[in-house]
Amino acid sequence: MQVTLAHPRELGDAEISRWRALQESDTAFDNPFLSPEFTLTVGELRDAVRVAVIHDGPEIVGFFPFERHPLGIGKPVAAGLTDAQGMIYAKDLEIDPFKLLRKCGLSVYEFDHLVIGQPLLGATYETYPSPVIDLSDGYGPYTEFLRANSGKTYKTTLAKERKLGREAGEVRHEFAIADPGPLHTLLNWKTDQYRRTGRTDRFSHRWIVELVERLQATRGESFAGVLDMVYVGDRPVAGHFGVRTRTTLAGWFPAYDTAFAKYSPGLIQHLAMAEKAAAAGIELIDMGRGAKEYKEKLKTGELSVAEGRLARPGLPAGVHWMMRVPARRARATVLAHPVLHRTADKALKTYGRLRARMAG
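Numbering (UniProt numbering), first residue to last: 1 to 360.
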């Protein structure tokens with residue numbers, strides 16, 4: 001195994017084409033967060049991004065995109081934002097993950113949405129469900145699935161959409177919007193949601209805003225940013241921004257105008273998005289890891305992702321373990337326990353309300 005390290009901007013057309021070919025050769029890699037375009041775009045904004053190009057003789061057999069942080073701590077590209085992480089590699093590739101870390105100058109590789117089956121899994125990790133909507137047979141069969149398995153939710157959502165139309169104006173939906181104006185409306189809603197629920201506002205970081213802006217402007221056949229919005233007349237009421245491959249749309253940033261909360265605009269938007277996505281060739285919507293009520297209502301099944309770390313023996317790995325692992329295990333315990341989860345969520349929302357009052 002030979003490994004060459006490069007910043008994404010140093011990759012040539014041949015490397016990018018090979019990356020794309022490897023990705024499209026295995027359905028396990030069919031996620032836009034594993035696409036070369038995503039890493040290239042993040043690399044334009046983050047100097048820490050690197051790509052390990054893996055060779056077997058003259059042939060490129062894999063790519064390992066990552067971020068290198070102090071003490072040789074490795075993280076996925078755009079860590080904390082992405083719902084699929086890991087290597088893209090040739091089928092049946094045998095690789096020593098510890099040797100790969102050493103060649104990348106890493107003591108630790110930490111992950112929280114690693115694709116199952118990766119050589120990087122090591123021995124210390126936990127798996128979590130990532131709910132999906134299967135559209136491979138089209139939107140019609142999906143609605144039949146909802147009628148059979150989430151009939152009340154489906155019927156109630158349709159009724160609320162009709163009520164929204166009667167009381168507020170004509171309901172319409174736009175998919176794959178190029179205009180950046182609606183994007184910033186969506187991001188403002190998302191910022192309000194983060195603050196309201198006591199979470200950290202991701203869009204307080206300018207590079208994340210710029211990343212989303214650049215991804216929205218990306219319009220390739222194998223990778224594109226996708227913004228869709230639901231309107232009442234000319235007023236936006238709900239929306240979503242994600243990224244797609246030819247056949248998979250990754251759910252990323254959904255949000256809505258809370259003035260319309262009683263109509264469940266988020267569910268209205270997701271059903272409208274699924275219909276348009278299926279018509280555009282999307283076969284799977286990956287809603288991402290995380291226990292959310294709307295995901296449970298809309299999903300047809302689940303994928304699995306892993307959280308953990310791969311570490312080479314040494315002082316940096318020990319320091320990283322003390323700083324990260326106990327806190328991660330405590331968080332996992334809270335998320336796995338319904339009562340603790342509800343209590344923590346309530347505490348965060350209370351904090352959010354208090355923070356909003358102090359800011360006002």
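Ideal Cβ placement from N, Cα and C applies to all residues, glycine included.
How about residue i and residue j: do their beta carbons lie closer than 9 Å?
i    : j    : result
V77  : F38  : yes
V226 : A272 : no
M229 : E302 : no
L121 : A311 : no
D83  : D286 : yes
L298 : I133 : yes
T245 : F223 : yes
W207 : R46  : yes
L135 : L284 : yes
R309 : T124 : yes
A250 : Y139 : no
W54  : L101 : The question names Trp, yet the displayed sequence has Ile at residue 54. Not in contact: I54 and L101 (Cβ atoms no closer than 9 Å).
Considering only C-alpha positions, which residue in the set the options is nearest to residue i?
i           : options                : result
D234        : G165, E59, I88         : G165
K103        : S204, G72, R206, G86   : G72
Y89         : R46, R18, T127         : R18
G242        : D96, R219, E170        : R219
T4          : A259, Q23, G57         : G57
A274        : L45, P141, L40, Y125   : P141
residue 365 : F145, L158, Q85        : Residue coverage of the chain in this structure runs from 1 to 360, which leaves residue 365 outside it and unanswerable.
G239        : G181, G288, S204, A280 : G181
E59         : A21, G117, T157        : A21
H205        : V61, E221, G62, L81    : L81
R50         : S107, A6, T258         : A6
T258        : P236, G62, K276        : P236
T157        : I16, Y294, S304, E15   : Y294
Where does residue i land, buried or exposed, given buried means 16+ other C-beta within 10 angstroms?
i           : result
P36         : buried
residue 365 : No information on residue 365 is available, as it lies outside the stretch 1 to 360 that the chain covers here.
M358        : Low local confidence applies: a pLDDT of 49 at M358 is under 50, so the model's placement there is unreliable, with the coordinate-based value given in what follows. When all chains shown are included, M358 counts as exposed.
K155        : exposed
K99         : exposed
Q2          : exposed
R355        : Here the model assigns R355 a pLDDT of 48, short of 50, so the residue's position is not dependable and the matter cannot be decided.
residue 362 : The structure shown does not extend to residue 362, since the chain is modelled only from 1 to 360, so the question has no answer here.
P313        : exposed
R199        : exposed
residue 392 : Residue coverage of the chain in this structure runs from 1 to 360, which leaves residue 392 outside it and unanswerable.
G117        : exposed
A159        : exposed
R147        : exposed
K91         : exposed
For residue i, which residues of its own chain have a beta-carbon under 6 Å away from its beta-carbon, when the five flanking residues on both sides are left out?
i    : result
A255 : L186, W189, K190, Q193
G169 : V232, G233
A48  : E67, R68
P119 : I95, P97
R202 : I208
T300 : I133, D134, F145
K276 : F175
Which residues in the same chain have their Cβ closer than 7 Å to the Cβ of residue i, if we skip the five residues on either side of it in sequence?
i    : result
A79  : E67
K75  : F66, E67, H69, E110
E210 : L45
L106 : R68, G72, G74
K292 : none
So, for residue i: in the same chain, excluding its five sequence neighbours on each side, which residues have a beta-carbon less than 8 Å away from its beta-carbon?
i    : result
V339 : Here the model assigns V339 a pLDDT of 47, short of 50, so the residue's position is not dependable and the matter cannot be decided.
L183 : I177, V212, E213, Q216, L227, F241
H337 : Model confidence at H337 stands at a pLDDT of 49, short of 50, so the residue's coordinates are unreliable; what they give is reported in the following sentence. So no residue of the chain qualifies.
R9   : L40, G43, E44
F29  : L22, Q23, I88, V115
At a cut-off of 8 Å, is residue i close to the ligand MN when judged by its beta-carbon and the heavy atoms of the ligand?
i    : result
G105 : Annotation note on the ligand MN: not contained in the displayed structure, which lists no ligands.
Using a C-beta cutoff of 9 Å, does residue i count as contacting chain D?
i  : result
A6 : Considering every chain present, this structure includes no chain D. It has just one protein chain.
**Item:** Touch test, the stretch 57–66 against the stretch 26–33, Cβ-Cβ under 8 Å, three pairs minimum
**Value:** With contact defined as three or more Cβ pairs closer than 8 Å, the stretch 57–66 and the stretch 26–33 are not in contact.
**Asked** Taking one C-beta from the stretch 258–267 and one from the stretch 148–165 each time, how about it: are there three or more such pairs within less than 8 Å?
**Response** yes
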